[in-house]
Amino acid sequence: MCRACPRLVAWREQVAREKIARFADQEYWGRPVPGFGDPHARVLVLGLAPAAHGGNRTGRIFTGDRSGDFLYGSLHANGFANRPTSVSRDDGLRLRGVYMTAVNRCAPPGNRPTPKERDTCLPFLEREIRALGDLRVVVALGAFAWDGAVRALAALGHPARPKPRFGHGAEADVGPIRLLGCYHPSQQNTFTGKLTEPMLEAVLARARSLSGLG
Ligand code: SF4
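The working numbering numbers the first residue of the sequence shown as 1 and each following residue consecutively.
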């Protein structure tokens, strides 16, 4: 129900009204997209924000777009998911040991929230991290998510000084959490080969190992 970011509220609702041709017969979610996954997760996978015609359409994070296809395929390969695709909220997907969310819960124009919009939404991420009592590892998909995780953990009493630098495969201990960096599975990164399935699967395998899931 949150309407704290006027620009994002206008965008999420405009996209939901106007739609795109291939989803013209669908009812878009058009609201903040909540986190999704195992409440006993040891691994949190953190994105930037829902995609306009992905999560903002389906109501589930990383669901209904190519980034999600790429990501859930790798989660399934690592034993975190019972199926390799995520297409709708009622597709039977179940996650084990992992929870998915994003720094911003509403789709931003151009996939770019402002710093103010990031800060306005961060308390939701802080609450999710606090609620995940078994959490050990955060996989940050891209520099924006890395920065958001560092800020959320600082707000929870775990400041990181000096601030760790994002990179694919970067690792940093922030309080009790091991932060892992991974390039974002955006179409630009996956189409150009900047992020391949083996690269993503290797990061998720590392997260699985670090979290004690075996
Ligand atoms: S991005 Fe977050 S804080 Fe902003 S309107 Fe959406 S849910 Fe609210």
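Positions of the beta carbon are idealized from the N, C-alpha and C atoms, including for glycine.
Quick one: what's got a C-beta closer than 7 Å to residue i's C-beta in the same chain, skipping five residues either side?
i    : result
R206 : L180
A145 : L46, G47, L48, V103
Taking the straight line between their C-alpha atoms, what separation do you get for residue i and residue j?
i    : j    : result
S209 : A81  : 16 Å
L204 : L195 : 13 Å
R42  : Q14  : 36 Å
A228 : G212 : A question about residue 228 goes unanswered here, because the residues of the chain that appear run from 1 up to 214.
R96  : L44  : 11 Å
F124 : K19  : 27 Å
G37  : A131 : 12 Å
Y183 : G142 : 5 Å
V98  : R136 : 10 Å
P50  : R7   : 15 Å
L153 : R83  : 31 Å
G35  : H168 : 23 Å
Residues in its own chain within less than 8 Å of residue i by CB, not counting five upstream and five downstream?
i    : result
R157 : Per the sequence presented here, residue 157 reads as Gly, with Arg not at that position. Taken in chain order, the residues that qualify are G175.
V87  : T58, T63, G64
Q187 : R66, S67
How would you label residue i, buried or exposed, when you count the other beta carbons within 10 angstroms and need 16 or more for buried?
i    : result
R22  : exposed
T190 : buried
T114 : exposed
D25  : exposed
E197 : exposed
R60  : buried
P159 : exposed
P162 : exposed
For residue i, I'd like the list of residues in its chain whose CB is within less than 6 Å of its CB, leaving aside the five on either flank, ordered along the chain.
i    : result
Y28  : A16, R57
A170 : G181
P164 : A172
P109 : W11
Taking 7 Å as the cut-off, is the CB of residue i close to at least one heavy atom of the ligand SF4?
i    : result
C106 : yes
T114 : no
V98  : no
E117 : yes
R57  : no
F124 : yes
V9   : yes
K63  : In the sequence as presented, Lys is not what sits at residue 63; that position holds Thr. The answer is no for T63.
T101 : no
A4   : yes
Item checked: Inter-stretch contact (C-beta, 8 Å, three-pair minimum) for the region 74 to 94 and the region 112 to 120 -> no
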